[in-house]
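Residue numbers (my numbering): 11 to 187.
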């Protein structure tokens with residue numbers, strides 16, 4: 011009896027961890043929207059070090075990464091920096107090839123309010139920035155888009171989680187008797 015409860019709890023823990031990981035994946039990969047005022051644009055040359063396992067030589071790959079600096083229209087001290095980098099054919103699959111165009115658009119919209127569509131998180135510790143997908147000029151007091159597809163995915167994941175938990179509990183309840 012104790013072994014069955016222990017196994018059930020382990021299965022429920024693993025199930026919870028899987029669903030939390032899926033929720034985090036949806037949160038990271040799906041687009042978010044925010045209203046912001048563009049304060050500047052810059053291009054940085056970023057180096058990636060790549061160790062080759064065969065001869066232990068270090069190769070340096072360089073690429074240009076665009077950054078868009080913004081601030082909250084309601085609070086000028088609340089700033090956000092967005093990375094503006096092509097995703098090409100890599101994950102998440104936005105197939106974004108227009109980072110230079112978005113950078114030029116952002117430069118033309120300096121000191122104007124825009125809707126920023128982006129994915130990702132800002133994590134200072136790892137020097138991670140959310141990546142801009144799209145910029146759209148906003149009029150005063152205009153509503154920003156809502157991430158409805160993300161909300162639908164969250165609802166489906168929660169329903170799947172509750173159905174899975176009930177199924178596991180029912181399975182182990184029948185095994186206990």
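Backbone N, C-alpha and C define an ideal beta-carbon position, used for all residues, glycine too.
Source: prediction; values computed, not measured.
Among the options, which has the Cα closest to the Cα of residue i?
| i | options | result |
| --- | --- | --- |
| residue 140 | 160, 99, 40 | 40 |
| residue 146 | 45, 158, 175 | 45 |
| residue 174 | 97, 17, 29 | 29 |
| residue 121 | 109, 158, 83 | 83 |
Ignore the nearest five residues each way along the sequence and tell me which others in residue i's own chain have a CB closer than 6 Å to its CB.
| i | result |
| --- | --- |
| residue 72 | 55, 57 |
| residue 21 | 178 |
| residue 163 | 36 |
| residue 79 | 49, 50, 91 |
Residues in the same chain with beta-carbon distance under 7 Å from residue i, minus the five sequence neighbours each way, listed in chain order, please.
| i | result |
| --- | --- |
| residue 125 | 43, 45, 146, 148, 154, 155 |
| residue 102 | 39, 129 |
| residue 143 | 41, 104, 106, 127, 128, 129 |
| residue 112 | 94, 142, 145 |
| residue 109 | 76, 94, 95, 96 |
From residue i to residue j, what does the alpha carbon distance come to, in whole angstroms?
| i | j | result |
| --- | --- | --- |
| residue 19 | residue 34 | 22 Å |
| residue 94 | residue 118 | 15 Å |
| residue 77 | residue 23 | 40 Å |
| residue 97 | residue 131 | 15 Å |
| residue 135 | residue 172 | 34 Å |
| residue 123 | residue 169 | 37 Å |
| residue 138 | residue 158 | 25 Å |
| residue 13 | residue 184 | 14 Å |
| residue 189 | residue 152 | Residue 189 lies beyond the stretch modelled for the chain, which goes from 11 to 187, so this question has no answer here. |
For residue i, which residues in the same chain have their Cβ closer than 8 Å to its Cβ, ignoring the five residues on either side in sequence?
| i | result |
| --- | --- |
| residue 63 | Confidence at residue 63 is low in this model, with a pLDDT of 48, below 50, so the placement of that residue should be treated as unreliable; the coordinate-derived value is given next. For residue 63, where only same-chain residues beyond five positions count, there are no Cβ hits under 8 Å. |
| residue 17 | 182 |
| residue 81 | 46, 47, 49, 87, 88, 89, 90 |
Assuming the contact rule is C-beta atoms closer than 8 Å, residue i and residue j should be a hit. Round their C-beta distance to whole Å, please.
| i | j | result |
| --- | --- | --- |
| residue 32 | residue 166 | Not quite, the Cβ-Cβ distance comes to about 10 Å (not below 8 Å), so this is no contact. |
| residue 53 | residue 85 | About 27 Å; that fails the 8 Å criterion. |
Continuous alpha helix (DSSP H) assignments of at least 4 residues falling wholly in the stretch 144-177: none
Which residue spans inside the stretch 15-39 form an unbroken beta strand (DSSP E) run of at least 3? none
Length at least 3, wholly inside the stretch 56-137: the beta strand (DSSP E) runs in chain order: 68-82, 85-94, 123-129
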